[in-house]
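Number of protein chains: 2
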Amino acid sequence: MVTLKQLAKELNVSISTVSKALNNSEEIGEDTIKRVKELAALYNYKPNKVALSLKQNKTKTIGVIIPDILNYFLAKVLFGIEMEAALYGYNIITCISNESLEKEKESLQLLANGSVDGFILSIAQETQIKNEVAHFKKAIGQGLPIVMFDRVAHDVLCDKVIVDDFDAIYNATKLLLLEGRTKIGFISTIDDLSVGKLRERGYNKAILENSNQNPLVLRISKTEDSQFKIKAFFETNHVDGVIAADSASGVIAINTAINIGLHVPKDVSVIGFSSNYIANHSIPRLTSIRQHARDIGANAVQLLIKRLQQKNDADTDVSTRIIKTSFVKNGSTL
Amino acid sequence: MVTLKQLAKELNVSISTVSKALNNSEEIGEDTIKRVKELAALYNYKPNKVALSLKQNKTKTIGVIIPDILNYFLAKVLFGIEMEAALYGYNIITCISNESLEKEKESLQLLANGSVDGFILSIAQETQIKNEVAHFKKAIGQGLPIVMFDRVAHDVLCDKVIVDDFDAIYNATKLLLLEGRTKIGFISTIDDLSVGKLRERGYNKAILENSNQNPLVLRISKTEDSQFKIKAFFETNHVDGVIAADSASGVIAINTAINIGLHVPKDVSVIGFSSNYIANHSIPRLTSIRQHARDIGANAVQLLIKRLQQKNDADTDVSTRIIKTSFVKNGSTL
DNA sequence: TTGGCAAGTTGTTTAAGGGTAACCATAATA
DNA sequence: TATTATGGTTACCCTTAAACAACTTGCCAA
Chain Z
98 MVTLKQLAKE
108 LNVSISTVSK
118 ALNNSEEIGE
128 DTIKRVKELA
138 ALYNYKPNKV
148 ALSLKQNKTK
158 TIGVIIPDIL
168 NYFLAKVLFG
178 IEMEAALYGY
188 NIITCISNES
198 LEKEKESLQL
208 LANGSVDGFI
218 LSIAQETQIK
228 NEVAHFKKAI
238 GQGLPIVMFD
248 RVAHDVLCDK
258 VIVDDFDAIY
268 NATKLLLLEG
278 RTKIGFISTI
288 DDLSVGKLRE
298 RGYNKAILEN
308 SNQNPLVLRI
318 SKTEDSQFKI
328 KAFFETNHVD
338 GVIAADSASG
348 VIAINTAINI
358 GLHVPKDVSV
368 IGFSSNYIAN
378 HSIPRLTSIR
388 QHARDIGANA
398 VQLLIKRLQQ
408 KNDADTDVST
418 RIIKTSFVKN
428 GSTL
Chain R
98 MVTLKQLAKE
108 LNVSISTVSK
118 ALNNSEEIGE
128 DTIKRVKELA
138 ALYNYKPNKV
148 ALSLKQNKTK
158 TIGVIIPDIL
168 NYFLAKVLFG
178 IEMEAALYGY
188 NIITCISNES
198 LEKEKESLQL
208 LANGSVDGFI
218 LSIAQETQIK
228 NEVAHFKKAI
238 GQGLPIVMFD
248 RVAHDVLCDK
258 VIVDDFDAIY
268 NATKLLLLEG
278 RTKIGFISTI
288 DDLSVGKLRE
298 RGYNKAILEN
308 SNQNPLVLRI
318 SKTEDSQFKI
328 KAFFETNHVD
338 GVIAADSASG
348 VIAINTAINI
358 GLHVPKDVSV
368 IGFSSNYIAN
378 HSIPRLTSIR
388 QHARDIGANA
398 VQLLIKRLQQ
408 KNDADTDVST
418 RIIKTSFVKN
428 GSTL
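Taken in sequence, the protein lines are chains Z and R. Position one of the first sequence corresponds to residue 98 (the numbering used here), numbered consecutively onward. Position one of the second sequence corresponds to residue 98 (the numbering used here), numbered consecutively onward.
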């Protein structure tokens, strides 16, 4: 890589002349600017990012810590983050906490050494279970703003982007009740997450307020065989409606229902939180609650950059953006 | 963030004394080292990464450019990359080319300003179609090594990590022939990618060598309704076996077959390139060719770091690692 | 007409950002 | 006096920008 120094030497001018010329300074003559720019173009000169970061004390880089890159929703948020960040000229350093508190702490600490200007993150499962937030507060205390999305810690003062989980599931459940369903089950593989809890509460409220049945909840851990458990759930409870808290469960519920001879949606209706992609993995397609994951990512970036740009350290109040889900009617409901 | 300067001032020693003390230099007295370390710990001092990068002319950061983060396979490779990189103390900056040549070029150029020590990438669809490789060669020429995985450019001299696509599909096809299938279709949504072509060739070879049928290929573009097209394919051709080049097609093929009243695997056998996760989205589960995506990522990191560590610019020969797929028998084959 | 000075033009010097390390300095010890 | 232990000075990585320097030009007065 060419440096200013090399250009300066070849042009027989000082380093700063080259620097200023390339930055179109008023202090440098037109022809000099032209000479400099030509040589710079010839050598494909690009200002060294590291030196710039050091000088300006900002890296134009965002640290992103996500619990699981194989989760389609989280991957999509990451996509949104990357796209929006690129728009603003920011790069992203991605760390995967793998749902582990330890890895999350490490990543946060590792990047809090000047590598990034701030963080966008969703909290690891273990962290949520243990309810640890000290590491977040520490980072914020060091002057590194954090924006949390989806899985957030309510007792950390920072910007947040969340989804109307409670309302979405509440409404979806009521929809199945309106269809005339009388035995609606709730399937979740994420019952220990903040969002999982919210969704279950939305289901519970709708059931308790608007029906005579009792809540009927199937919780599946990540290590269990979900096809097997869902099959057993169907056969034991004879449900005629299913609300799935996560994307995979909804699709698997449909496939299972069909497999044991039920007709969807005649015998069983299914609604799930899901993307278009996953919804396509069953016939009929899963009627879905869409989370607009890319918008969530984009909003997180906007919040973070806004905070990075405000010069006065006097923190303006933190804000929470709620990205409303939308409902996509597909073949798995009446 | 505390700096050496601040520590030095508070301790009434010089900056370099602090630096040396923290690095356990022989030149500094035991008690001084102790004093320094205690204060550093108190203030949670961490060497500024940016300054270090500038000084040492390496960032311990890898630029990763992937075409599509929503592709489960690519996401999993990214996961492997991140994990392995973390092991070696490397961070990753992720760029998503979104299958666009322009974005790929931009990302490459943007990071080639000292932001990263090297690249790991899989080539964008558009790039493969247009067969452009100049930007890769340019980066390598600038001293930034590249490791390509999965979708590679054979006329760029760099390390590569690939999969035995041809053999895997060839063997899978022969397996269906051994089952006694006589009308085996091939479904692909990636026919314009290098890997897609290899897979189709593997299918063709097996069919032409070992059967009397003609190759029967269904190509689906990303914008088309795959459920619809696969259904039409089934109804038109009455296939009794399906080889799917990508993960989604296999699952959708099974669901479609069941939907039109066929029995899987009695009437139709299906084999696809697929992960465990996606294979779970059909009943029976998809018999799969596993790509060991995480291993691919890990191997790419190893190759890159190995190249970064060799001091002599005299490039050792580039190497290509082939990560063998494995075959997972599930319910969708006899 | 020309000397002198202010102002403008165009660069250069230098410090700074945070860290490391080669090299140098000082005091105590052998 | 030479050596050792300990620590300080300084240069360097690359860039920017404030401060400074040098040269040209313009204008006025002698």
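Each residue gets a CB set at the ideal place from its N, CA and C atoms; glycine is no exception.
Determine, using beta-carbon pairs with one atom in the region 160 to 180 of chain R and one in the region 385 to 392 of chain R, whether at least three such pairs fall under 8 angstroms. yes
Member of R:L139, R:I284, R:P164 and R:T114 whose CA lies at the smallest distance from the CA of R:Q225: R:P164
For R:G211, decide whether its Cβ has a neighbour in chain Z, counting only Cβ atoms nearer than 8 angstroms. yes
Counting contacts by CB-CB distance shorter than 8 angstroms, is R:F325 in contact with chain Z? no
Taking 8 angstroms as the CB-CB limit, is Z:C255 close to chain R? no
With 16 other Cβ atoms within 10 Å as the buried cut-off, status of Z:G238: exposed
So the candidates are Z:Y140, Z:A342, Z:V314 and Z:P362; which of them puts its Cα closest to the Cα of Z:A329? Z:V314
Using the C-alpha atoms, what's the distance from Z:I243 back to Z:I357? 47 angstroms
Are R:T158 and R:S212 closer than 8 angstroms when you measure CB to CB? yes
What residues from chain Z crowd round R:V167, counting only those whose CB sits closer than 8 angstroms? For clarity, residue 167 of chain R is Leu in the given sequence; the question names Val instead. Those are Y169, A172, K173, F176 and Y374, listed as they occur along chain Z.
Inter-stretch contact (C-beta, 8 angstroms, three-pair minimum) for the region 323 to 341 of chain Z and the region 353 to 373 of chain Z: yes
Bridge partners - Z:D256, DSSP secondary structure assignment: Z:V244
Let me confirm a value: R:F325 is counted as buried when at least 16 other C-beta atoms fall within 10 Å, else exposed. Which label applies? exposed
Any chance the region 290 to 307 of chain R sits against the region 245 to 252 of chain R, with 3 or more Cβ pairs inside 8 angstroms? yes
For the candidate residues R:L275, R:L184 and R:N168, whose alpha-carbon lies nearest to that of R:I402? R:L184
What residue ranges within the region 291 to 379 of chain R form continuous beta strand (DSSP E) runs of no fewer than 3 residues, ordered along the chain? 314 to 316, 338 to 341 and 366 to 370
R:R296 to Z:V133 span [Cα, whole Å]: 51 angstroms
Spell out whether any CB of chain Z is found under 8 angstroms from the CB atom of R:N228. no
R:I266 and R:G94 - do their beta-carbons sit closer together than 8 angstroms? Here chain R comprises residues numbered 98 to 431, so residue 94 of chain R is not present and cannot be evaluated.
Quick check on this structure: which residue in R:V367, R:L104 and R:A118 has the alpha carbon closest to the alpha carbon of R:Y142? R:L104
With a threshold of 8 angstroms between beta-carbons, can Z:H378 be considered close to chain R, or not? yes
Start-to-end residues for the alpha helix (DSSP H) that takes in R:S204: L198 to L208
Going along the region 145 to 161 of chain R in order, which residues come within less than 7 angstroms of chain Z, judged by CB to CB distance? N145, K146, V147, A148, S150, L151 and T156
R:A397 beta carbon less than 8 angstroms from that of R:I178: yes
Determine which residues of the region 184 to 198 of chain Z have a Cβ less than 9 angstroms from any Cβ of chain R, and write them out in chain order. G186, N188, I189, I190, T191, C192, I193 and N195
Going by beta carbon distance, what residues of the same chain come within less than 6 angstroms of Z:G428, once the five residues before and after it are set aside? P381 and R382
Under three-state DSSP, which class holds Z:L383? coil
Relative to chain R, which residues along the region 127 to 142 of chain Z have a C-beta separation below 7 angstroms, given in chain order? none
Among Z:K302, Z:P312 and Z:N268, which residue has its Cα nearest to the Cα of Z:I284? Z:P312
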